[in-house]
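Counting the sequence shown from 1 gives a position; our numbering is that position plus 9.
Even glycine gets a Cβ: it sits at the ideal position worked out from N, Cα and C.
Before any comments, here is the structure.
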Amino acid sequence: YRYVPERGPVAAGESTDDDPLVVRGRTLHDLDRDSFEDPVSAAESKRLLRQLIFHHLGQPELHTRQLIKDLQQL
10 YRYVPERGPV AAGESTDDDP LVVRGRTLHD LDRDSFEDPV SAAESKRLLR QLIFHHLGQP
70 ELHTRQLIKD LQQL
């Protein structure tokens, strides 16, 4: 499936492996169930969610990890 922002998943047809919005159907089911035991589903979910965040925020660079480290040092 190819995940289309603002629409959702659609049949991918001819997909390319380098498209970050193309995921397996199992990955979509695993996301729905919050199940990330399958390493492929976990990797595809991470890649997909990162792309969706970038889509909605306009692709700014996020510094979440550094922010958490800084807060832990307080």
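The alpha helix (DSSP H) with residue i in it runs from where to where?
i          : result
residue 48 : 48-66
residue 79 : 73-81
Per DSSP, which residues does residue i bridge with? Please list them.
i          : result
residue 31 : 11
Could you pull out every residue in the same chain whose Cβ sits closer than 7 Å to the Cβ of residue i, ignoring the five residues on either side in sequence?
i          : result
residue 64 : 14
Do residue j and residue i come within 8 Å of each other at the CB atom, strictly closer than that value?
i          : j          : result
residue 50 : residue 73 : no
residue 18 : residue 60 : no
By Cβ distance below 6 Å, which residues in the same chain neighbour residue i in space, the five residues on each side in sequence not counted?
i          : result
residue 66 : none
Start and end of the beta strand (DSSP E) containing residue i?
i          : result
residue 17 : 17-19
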